[in-house]
Amino acid sequence: MTKIKLCGMMNPPDVIAAAEFSADYVGFILTQGFKRSIGLGTFCELASYLDDYDKSIKKVGVFVDEPIENIMDYYAEMLDIIQLHGSEDERYIANLRAQAGKPIIKAFKIKSEQDVQLAEKSAADFVLLDSGTGTGKTFDHSLIKGIQRPFFLAGGLTAQNVGEAIQTLHPFAVDASSSLETNGVKDKNKMADFVSAVRKER
Numbered sequence: 002m003t004k005i006k007l008c009g010m011m012n013p014p015d016v017i018a019a020a021e022f023s024a025d026y027v028g029f030i031l032t033q034g035f036k037r038s039i040g041l042g043t044f045c046e047l048a049s050y051l052d053d054y055d056k057s058i059k060k061v062g063v064f065v066d067e068p069i070e071n072i073m074d075y076y077a078e079m080l081d082i083i084q085l086h087g088s089e090d091e092r093y094i095a096n097l098r099a100q101a102g103k104p105i106i107k108a109f110k111i112k113s114e115q116d117v118q119l120a121e122k123s124a125a126d127f128v129l130l131d132s133g134t135g136t137g138k139t140f141d142h143s144l145i146k147g148i149q150r151p152f153f154l155a156g157g158l159t160a161q162n163v164g165e166a167i168q169t170l171h172p173f174a175v176d177a178s179s180s181l182e183t184n185g186v187k188d189k190n191k192m193a194d195f196v197s198a199v200r201k202e203r
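Position in the sequence shown (from 1) plus 1 gives the number in the working numbering.
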């Protein structure tokens, strides 16, 4: 069954809706400077809401070239999974895993077959295949039809196209963020439609 990751949570209604819809993973952008970035205080508040509703949902912290000490000092203990969305190399992944003891998702921007090969070889526990960092655009899915390892599929997935993507690519999980928003704010109806579309394919 394809798992569901809802990402870019910024407000209490976002995480409450994700919990109501029984998402498998909920993502928080914890490196500063991005459209959906949140600070430590907001993350602690949102994490507490999520724990109150459903402790089984995995909290995913998304970082972009973040110093490992920052992750360890402020976030690692509260996270279930750490997602890396920058230029982090294999040494970084090994060091972070040794210190945090948490599963790691490494994101790859898929523009060529070489990018797919890098994802295949990554030592991360999971790979996430995307068109960029929160671009809301799809990439050429034909590039990944032969991938041999489980992956999170992201990039431009909506309630309208996620079913076909699941049927064609059989991802371990699907990940949505910007497509779940209206005027830059998470839209509960869009979240519901996306989750429903995924579950129809399970």
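A virtual CB, placed ideally from N, CA and C, is assigned to each residue, including glycine.
- In this structure, DSSP gives lysine 56 a state outside helix and strand, which the three-state scheme calls coil.
- Assignment of glutamine 84 by DSSP, reduced to helix, strand and coil, places it in the strand class.
- With distances taken between CA atoms, histidine 142 lies nearest to Val163 out of Phe127, Glu67, Val163.
- By the C-beta density criterion, aspartate 15 is buried, having at least 16 other C-beta atoms within 10 angstroms.
- Per DSSP, the unbroken beta strand (DSSP E) holding valine 175 starts and ends at 174 to 177.
- The stretch 87 to 94 and the stretch 56 to 67 touch, with three or more beta-carbon pairs separated by less than 8 angstroms.
- In the structure shown, glycine 40 adopts coil according to DSSP, grouped into three states.
- With a threshold of 16 other beta carbon atoms within 10 Å, alanine 160 meets it and is buried.
- For alanine 108, the enclosing beta strand (DSSP E) starts and ends at 105 to 110.
- According to the DSSP assignment, glycine 164 belongs to the alpha helix (DSSP H) that extends over 163 to 170.
- Counting along the chain, the unbroken alpha helix (DSSP H) around valine 196 starts and ends at 189 to 200.
- Counting along the chain, the unbroken alpha helix (DSSP H) around tyrosine 93 starts and ends at 91 to 101.
- Remark: C-beta atoms of phenylalanine 127 and phenylalanine 153 approach each other more closely than 8 angstroms.
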